[in-house]
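In full-length UniProt numbering, the protein residues as written are 1 to 56.
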């Protein structure tokens, strides 16, 4: 199951930099994870300094 970025995102880019499959891109208000590309590895969640990424 893909991860989701919540409204707590501060757009620091750590998640995108750590995504091994480049499933994360910068959105208007937050970064966005492409569920079709995400492999649910959790690298983005581990890298997020504000814990704005959750599974599901």
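Ideal Cβ placement from N, Cα and C applies to all residues, glycine included.
Separation of residue j from residue i, as counted between CA atoms
{"i": "residue 27", "j": "residue 5", "result": "11 Å"}
{"i": "residue 29", "j": "residue 10", "result": "9 Å"}
{"i": "residue 38", "j": "residue 3", "result": "7 Å"}
{"i": "residue 24", "j": "residue 15", "result": "7 Å"}
{"i": "residue 42", "j": "residue 53", "result": "9 Å"}
{"i": "residue 20", "j": "residue 12", "result": "17 Å"}
{"i": "residue 31", "j": "residue 7", "result": "9 Å"}
{"i": "residue 50", "j": "residue 22", "result": "20 Å"}
{"i": "residue 40", "j": "residue 34", "result": "11 Å"}
Residue i: CB within 8 Å of a non-hydrogen atom of the ligand MG
{"i": "residue 52", "result": "With respect to the ligand MG, the structure offers nothing, as it holds no ligand at all."}
Residue j beta carbon less than 9 Å from that of residue i
{"i": "residue 46", "j": "residue 18", "result": "yes"}
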